[in-house]
Amino acid sequence: LQDVPGRGKGLVAREKISKGTRILCEEAVVTVSESVGSERLRKSICKQIEALSENQRRDLLSMHNIHPYRNAAEQYLGIFRTNSLPAEAAGGQGAIFLEACRINHACDNNAQKNWNETIKRHTVHALRDINKGEEITITYLGPLKNRKARQEALQKKFDFTCLCHLCSLPPEQSQESDKRLEEIYRLDGVIDQLGTEGVLVFPLRTLRYFDQQVCFYNEQGREDLGFAQAFVHAAQLAIANSDLARGRVFAERAASVWTISLGGDSTQAIKHRALAQDPSRYELFGVSTKWKTKVNETPQGLEPSDFEDWLWRREKPKALGLPANLRSRATFPRFTDLPDENDLDPRFYERSNIGTYRPRRHWCFFGEIVDFASLPRLQIEIKDVDDTKIPLYFYTDSRGSELVPGQIQKGYTVAILYAERHAFMFCEPGIRHEDPQTIKIFPLPLDKLLALNDQVQQFSVEIDGMRICHGCGKKAASLQRCSKCSSFWYCDKACQVAGWNEKGHKADCKFLKDPDLRGLFVLKWNVFNNHVQFPLQASKDS
Numbered sequence: 019l020q021d022v023p024g025r026g027k028g029l030v031a032r033e034k035i036s037k038g039t040r041i042l043c044e045e046a047v048v049t050v051s052e053s054v055g056s057e058r059l060r061k062s063i064c065k066q067i068e069a070l071s072e073n074q075r076r077d078l079l080s081m082h083n084i085h086p087y088r089n090a091a092e093q094y095l096g097i098f099r100t101n102s103l104p105a106e107a108a109g110g111q112g113a114i115f116l117e118a119c120r121i122n123h124a125c126d127n128n129a130q131k132n133w134n135e136t137i138k139r140h141t142v143h144a145l146r147d148i149n150k151g152e153e154i155t156i157t158y159l160g161p162l163k164n165r166k167a168r169q170e171a172l173q174k175k176f177d178f179t180c181l182c183h184l185c186s187l188p189p190e191q192s193q194e195s196d197k198r199l200e201e202i203y204r205l206d207g208v209i210d211q212l213g214t215e216g217v218l219v220f221p222l223r224t225l226r227y228f229d230q231q232v233c234f235y236n237e238q239g240r241e242d243l244g245f246a247q248a249f250v251h252a253a254q255l256a257i258a259n260s261d262l263a264r265g266r267v268f269a270e271r272a273a274s275v276w277t278i279s280l281g282g283d284s285t286q287a288i289k290h291r292a293l294a295q296d297p298s299r300y301e302l303f304g305v306s307t308k309w310k311t312k313v314n315e316t317p318q319g320l321e322p323s324d325f326e327d328w329l330w331r332r333e334k335p336k337a338l339g340l341p342a343n344l345r346s347r348a349t350f351p352r353f354t355d356l357p358d359e360n361d362l363d364p365r366f367y368e369r370s371n372i373g374t375y376r377p378r379r380h381w382c383f384f385g386e387i388v389d390f391a392s393l394p395r396l397q398i399e400i401k402d403v404d405d406t407k408i409p410l411y412f413y414t415d416s417r418g419s420e421l422v423p424g425q426i427q428k429g430y431t432v433a434i435l436y437a438e439r440h441a442f443m444f445c446e447p448g449i450r451h452e453d454p455q456t457i458k459i460f461p462l463p464l465d466k467l468l469a470l471n472d473q474v475q476q477f478s479v480e481i482d483g484m485r486i487c488h489g490c491g492k493k494a495a496s497l498q499r500c501s502k503c504s505s506f507w508y509c510d511k512a513c514q515v516a517g518w519n520e521k522g523h524k525a526d527c528k529f530l531k532d533p534d535l536r537g538l539f540v541l542k543w544n545v546f547n548n549h550v551q552f553p554l555q556a557s558k559d560s
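Anchor point for the sequence shown: position 40 equals 58 in our numbering, and the numbering is continuous, going up by one each time.
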């Protein structure tokens, strides 16, 4: 304990303190339930302070007090309210610790305070390596928010302006930090709003949110309680969907962060070490079997980046030259997997260098026309790949009249680029379509479109220099491309005739000659430079 310029007394490291070291483990000298009335609170504090030794009382009375007082009882109460720390897990008791209460605040604190329910002591652990002579700091705030919100909270509650490193960053760096912290906070709200649907109906979307939060924490350079909690939530999500392999890894990571920040004997570290040993002990294990894996099915020998892709279920970009698979739920999502128009879903959007958001990739929604009407604007009822019926309303300048009537037929398939879910006031959620250049209607049913896709995946792909002849099914290195659609390959004229007459290529070829349909297969969906629109630009040689 020594004087710190501009900060009064503070705790300073006498030697280098390694990350995860327990710096303090301290009993309280004054403990009070904060739920009691003010008079009982005052009497209890006075009684306990007067029972202290002379040295303890002197140390306590030298603590900072932001509250005015007229007598000893008010002075004691003011010191308690200024300096008390939690003394039980639920936070209902406050306490004075002669050393821990001397630790000053920093928004980028290098240590973590905690009431350890297991040992009934207040502990402080190093969140990172702390150099000799460096002040030890904790945070007086809850989840970290932007600079303005932090300064207002500290001024209101503790009557000081924070000048820590984080609060003193140059404006541009401070704004970048604020954006990350605001995104973490915003994602918390999105996750809370999803509730149980986020676990059972939209698990992949929810996992993306946790993934993005962890990335923001890493960019911020913080491995605090919020960082640990992101891994806890990811573990619970995985285990609830029967993914024991990933659940174990997430639980191990949570336990590691808890151990560093709170100690290996903390309730949180003990709980999540046990969960990592047996993920199936989680009470919601198996409510869904969507992601079912065994606990020992963690892949071995992967590069770190590949392991992270596996862990977070990140879809890897397709190899260049391979046709897009129209059955890919990531690129061609069903309605429930589309981004909400009021939510910057991290699966679909990313922050640009200037702080705005843009698509991280292209995507397209398919729906088969079930019914339609044209007054007062064009409205089409469509069904997606899961047979979910969705209203599609045209809010283009021409209200849908830009489409030729013959294009709109029951059984035709609508393709919409960058589609989003919209909450209509007058009906169930659907799609509000505004840009005429992001829609295309293909004259074939959705199941036929997907069946055609399966043919393209089989007969258009070159693997190890070999292709499959659509006519006879043989693999060969030198095949001839169909001159009309450029999609299927044949050994010779006889095989092409067989494909044309016996394998249905006559009808398929007509559809595949459509440059927009070919464009769906050859567009680099995972590479976003600018928005694309119909007609899609696809060369015949693509």
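Glycine included, each C-beta is placed from N, C-alpha and C at the ideal position. Predicted model only: the values in this text are computed from it and were never measured.
If only uninterrupted beta strand (DSSP E) runs of at least 3 residues are considered, those enclosed by the stretch 335-407 are 367-369, 375-377, 382-391 and 397-401. In this structure ASN132 touches THR141 by the C-beta definition: roughly 5 Å separates them, less than 8 Å. For ASN89, the closest C-alpha among the options PRO104, CYS64, ALA113 and ALA269 is that of CYS64. DSSP lists CYS43 and ASN132 as the bridge partner or partners of THR141.
Following the DSSP letters along the chain, one finds SER195 inside the alpha helix (DSSP H) bounded by residues 189-218. By the Cβ-count criterion, THR374 is exposed, with fewer than 16 other Cβ atoms from all chains shown falling within 10 Å of its own Cβ. DSSP, read as helix, strand or coil, puts PHE506 in coil.
Contact between the stretch 477-488 and the stretch 506-516 is present, with at least three C-beta pairs closer than 8 Å. Cβ-Cβ separation between ALA525 and GLY489: approximately 16 Å, too far for a contact (criterion under 8 Å). Burial check for VAL267: the Cβ neighbour count within 10 Å reaches 16 or more, so the residue is buried.
Residue pairing by DSSP puts HIS123 in a beta bridge opposite ILE156. Excluding the 5 residues flanking it on each side, ARG271 has same chain C-beta neighbours closer than 7 Å at PHE249, in chain order. Beta-bridge analysis with DSSP links HIS440 to GLY448.
Per the Cβ contact rule, the stretch 190-202 is in contact with the stretch 160-171 (3 or more Cβ pairs under 8 Å). ASP465 carries a helical assignment under DSSP once its states are collapsed to helix, strand and coil. Comparing alpha-carbon positions, the option among LEU462, LEU497 and VAL217 lying closest to PHE477 turns out to be LEU497.
A straight line joining the alpha-carbon of GLN254 with that of LEU302 spans about 8 Å.
In the structure shown, LEU103 falls within a strand segment according to DSSP collapsed to helix, strand and coil. Around the beta-carbon of CYS180, 16 or more other beta-carbon atoms lie within 10 Å, marking it buried.
The C-alpha of ARG60 lies about 25 Å from the C-alpha of GLN173. Rounded to the nearest angstrom, the gap between the Cα atoms of SER323 and GLY110 is 43 Å. For the options GLY207, HIS440 and THR456, the alpha carbon positioned closest to that of ARG450 is the one of HIS440. GLY28 carries a strand assignment under DSSP once its states are collapsed to helix, strand and coil. Per DSSP, reduced to three states, the secondary structure at GLN498 is strand. In this structure, ARG223 places its C-beta atom within 8 Å of the C-beta atom of ASP355. Counting the other Cβ atoms within 10 Å of the Cβ of LYS428 gives fewer than 16, which makes it exposed.
Between ILE459 and the set ASN236, ILE426 and ARG332, the nearest pair of CA atoms involves ILE426.
DSSP links LYS458 through a beta bridge to ALA433.
Between TRP330 and LEU464 the beta-carbon gap is near 30 Å, outside 8 Å, which marks them as no contact. Counting other Cβ atoms within 10 Å of its Cβ, CYS382 reaches 16 or more and is therefore classed as buried. Taking C-beta atoms under 8 Å as the contact rule, GLN238 and SER195 qualify, at a distance of about 7 Å. Inclusion of ILE121 and ILE154 in the CB contact set at 8 Å is warranted, their separation being smaller than that value.
ILE84 carries a coil assignment under DSSP once its states are collapsed to helix, strand and coil. Residues of the same chain with a CB within less than 7 Å of the CB of ALA256, apart from the 5 flanking positions on each side, are ARG264, GLY265, PHE268 and TRP309 in chain order. Distance between SER501 and PHE384, taken at the CA atoms: about 28 Å. The C-beta distance from LEU70 to ILE97 rounds to 12 Å, too long to meet the 8 Å contact threshold.
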